[in-house]
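Trainee: Below you'll find the structure I mean.
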Amino acid sequence: MQASHWNTTLGTLGAQALKNMDRSRRARGDMLDRAGYGPQQTPSTVLHTEPGLNVRRYGAPADIAANGGPAVLIVPAPIKRPYIWDLAPDVSVVRRWLERGWRVYLAEWVALPDTHDHFGLDDYGDDLLAACRRAIAADGGPDQVVLAGHSLGGILAAIHSGLHPDAVSATILLESPLHFTPASSCFARLIDATPHARPIADTFRQVPGVFLNMMSAMAEPQAFQWERWTDRWLSMTDPKAMVTHMRVERWTHDEFPLPGRLFTEIVESLYRRDAFMQGKLTVGNRTIGPHDVRSPLLSVVDPRSKLIPPAALIPFHDAASSARKKVLHYEGDIGVNLQHVGVLVGRSAHEKIWPRIFDWLDGRDAS
1040 MQASHWNTTL GTLGAQALKN MDRSRRARGD MLDRAGYGPQ QTPSTVLHTE PGLNVRRYGA
1100 PADIAANGGP AVLIVPAPIK RPYIWDLAPD VSVVRRWLER GWRVYLAEWV ALPDTHDHFG
1160 LDDYGDDLLA ACRRAIAADG GPDQVVLAGH SLGGILAAIH SGLHPDAVSA TILLESPLHF
1220 TPASSCFARL IDATPHARPI ADTFRQVPGV FLNMMSAMAE PQAFQWERWT DRWLSMTDPK
1280 AMVTHMRVER WTHDEFPLPG RLFTEIVESL YRRDAFMQGK LTVGNRTIGP HDVRSPLLSV
1340 VDPRSKLIPP AALIPFHDAA SSARKKVLHY EGDIGVNLQH VGVLVGRSAH EKIWPRIFDW
1400 LDGRDAS
């Protein structure tokens, strides 16, 4: 579709219709809440708030006071609410960190008004995460933190790690797309069909989550449609799996829009030009690439994934300057709805992957 046709195709009415669909999806999510499929989240406290961000600390104050240990900053994708990291006690990554004695913090992205469509990669990948680190330090946390990011959140974590290597004790990338070629990105054909993302961003100002969902389903229908229905069918004989499946279903309706500039930079700088992988990503007044990531690096990939295949992450992992690196393979679960989030909510992920991640962080895994 030609760029000049985007405003004609979408127009004010089309853009408003998609925003109304966003509200409708949130209403369906509320129905799932009332049916008992809402998240069961760990108690937390908001330490800092500014436009686009809440910094959240998990755990009771007495537990935090007694825990002078290392800190992790969770960096979720900026398109849905972050409780996929804390869905329910048995499948909560947040609780796994707390059980290991870590101080656990979250960069909770908050929807912005249309007037803030100028927020971009420099805000999310640099300034707002730096605000998180300041809040952690003010809370008595250490100067260095582990950054753990999933999907698009992993991109932001990697950017911050590259910009501030001395502030990051380790970087954990969970199925994060960091290398974009026709072979490694299911979005390549859609990107090629759109001369530039800016007209789309200008039409919306804040690009609705439902638009991003539609584009994702078009790019990879297997992951966003057929695998979900298959997972529901397979979960029917396993009550625990079905409950998790439905909790993830509820989460998929809990999205918020991307600022127009952030959407444009993700599409143009990352997806189209592969600028980060090529060492040409401009963030503020800096130009960075994988060689700027120097902290110990652990990456988790799903060998079966067509959405984020290993080729979307492994080349970046290999090109990083980190002296200590490890790649783990996640093999999937039943009851996760979207396999892409299985590394966060899957039973085998909690039984096998996360213990290995903690062993690596503790130095018990020498590789």
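Here the sequence shown is numbered in the numbering used here, starting from 1040 and rising by one per residue.
Built from N, CA and C at the ideal position, the CB exists for glycine as well.
1) Could you spell out the range, first to last residue, of the alpha helix (DSSP H) harbouring His1087?
2) Out of Tyr1122, Leu1112, Ile1113, which has the shortest C-alpha to C-alpha gap to Gly1077?
3) Would you check if the region 1153–1161 and the region 1287–1301 touch, i.e. whether three or more CB-CB distances between them fall below 8 angstroms?
4) What residues are listed by DSSP as bridge partners for Ile1327?
5) Roughly how many angstroms separate the alpha carbons of Pro1342 and Ser1308, rounded to a whole number?
6) DSSP has Pro1298 in a bridge; who is on the other side?
7) From Gly1098 to Trp1136, what distance separates their C-alpha atoms?
8) Can you tell me the Cβ-Cβ gap for Ser1223 and Ala1351, rounded? I've got them flagged as a contact below 8 angstroms.
9) Can you list, in chain order, the residues of its chain with a C-beta nearer than 6 angstroms to that of Asp1061? Leave out the 5 residues immediately preceding and following it.
10) Do you know offhand how far Arg1395's Cα is from Thr1242's?
11) What do you get for Glu1266, buried or exposed, if any count of 16 or more other CB atoms within 10 angstroms of its CB means buried?
12) Which value, in whole angstroms, describes the spacing of the CA atoms of Pro1090 and Asp1277?
13) Give every residue of the same chain whose Cβ lies closer than 6 angstroms to the Cβ of Glu1288, excluding the five residues on either side of it in the sequence, and list them in chain order.
14) Thinking C-alpha only, which one of Trp1124, Gly1108, Leu1112 is nearest His1389?
15) His1189 by DSSP, collapsed to three states: which one?
16) Is Pro1394 a contact residue of the ligand HEM, with contact defined as CB to any heavy atom under 7 angstroms?
17) According to the neighbour-count rule (16 or more other Cβ atoms, all chains shown, within 10 Å of its Cβ), is Met1257 buried or exposed?
18) On the DSSP bridge assignment, give the partners of Arg1142 in chain order.
19) Let's test the definition: count the other Cβ atoms within 10 Å of the Cβ of Trp1399 and tell me whether it reaches 16, buried, or not, exposed.
20) In terms of residues, what are the limits of the beta strand (DSSP E) holding Ile1347?
21) Go ahead and label Pro1082 buried or exposed: buried means 16 or more other beta carbons lie within 10 angstroms of its beta carbon, across all protein chains shown.
22) For the beta strand (DSSP E) containing Arg1096, list its first residue and its last residue.
23) Nearest-angstrom Cα distance between Glu1374 and Val1366?
24) Check this for me: beta carbons of Ala1196 and Leu1186, under 8 angstroms apart or not?
25) Should Thr1269 go down as buried or exposed, given a rule of 16 or more other Cβ atoms within 10 Å for buried?
26) Between the region 1200–1218 and the region 1227–1235, do three or more beta carbon pairs fall short of 8 angstroms?
27) Could you give the DSSP three-state label for Leu1057: helix, strand or coil?
Mentor: The answer reads as follows:
1) Looking at the DSSP string, His1087 is not in any alpha helix (DSSP H); the run it does join, the beta strand (DSSP E), is 1083–1089.
2) Nearest neighbour of Gly1077 by Cα position, chosen from Tyr1122, Leu1112, Ile1113, turns out to be Tyr1122.
3) In this structure the region 1287–1301 touches the region 1153–1161; the number of beta carbon pairs closer than 8 angstroms is three or more.
4) DSSP lists Leu1320 as the beta-bridge partner residues of Ile1327.
5) Looking at the two C-alpha atoms, the distance is approximately 26 angstroms.
6) Answer is Gln1245.
7) Within the model, the alpha-carbon separation for Gly1098 versus Trp1136 is close to 11 angstroms.
8) That belief holds up - the Cβ atoms of Ser1223 and Ala1351 are roughly 4 angstroms apart, short of 8 angstroms.
9) For Asp1061, where only same-chain residues beyond five positions count, the Cβ hits under 6 angstroms are Pro1247, Gly1248, Val1249.
10) Roughly 45 angstroms separates the two Cα atoms.
11) With 16 or more other Cβ atoms within 10 Å, it is buried.
12) Roughly 42 angstroms separates the two Cα atoms.
13) Around Glu1288: Asn1376.
14) The candidate whose alpha carbon is nearest that of His1389 is Trp1124.
15) For His1189, the secondary structure class from DSSP, reduced to helix, strand or coil, is strand.
16) Ligands in the displayed structure: none, and consequently the ligand HEM is not present.
17) By the 10 Å Cβ count, Met1257 comes out exposed.
18) For Arg1142, which the question treats as bridged, DSSP gives the partners Ala1110.
19) It is buried - the Cβ of Trp1399 has at least 16 other Cβ atoms within 10 Å.
20) Taken as a continuous stretch (DSSP letters only), Ile1347 belongs to no beta strand (DSSP E), as it is neither H nor E.
21) Exposed, because fewer than 16 other Cβ atoms sit within 10 Å of the Cβ of Pro1082.
22) Note, Arg1096: beta strand (DSSP E), 1092–1097.
23) Per the sequence presented here, residue 1374 reads as Gly, with Glu not at that position. For Gly1374 and Val1366, the distance between alpha carbons rounds to 24 angstroms.
24) Yes, they are a contact pair.
25) Label assigned to Thr1269: exposed.
26) These segments do not touch.
27) Helix.
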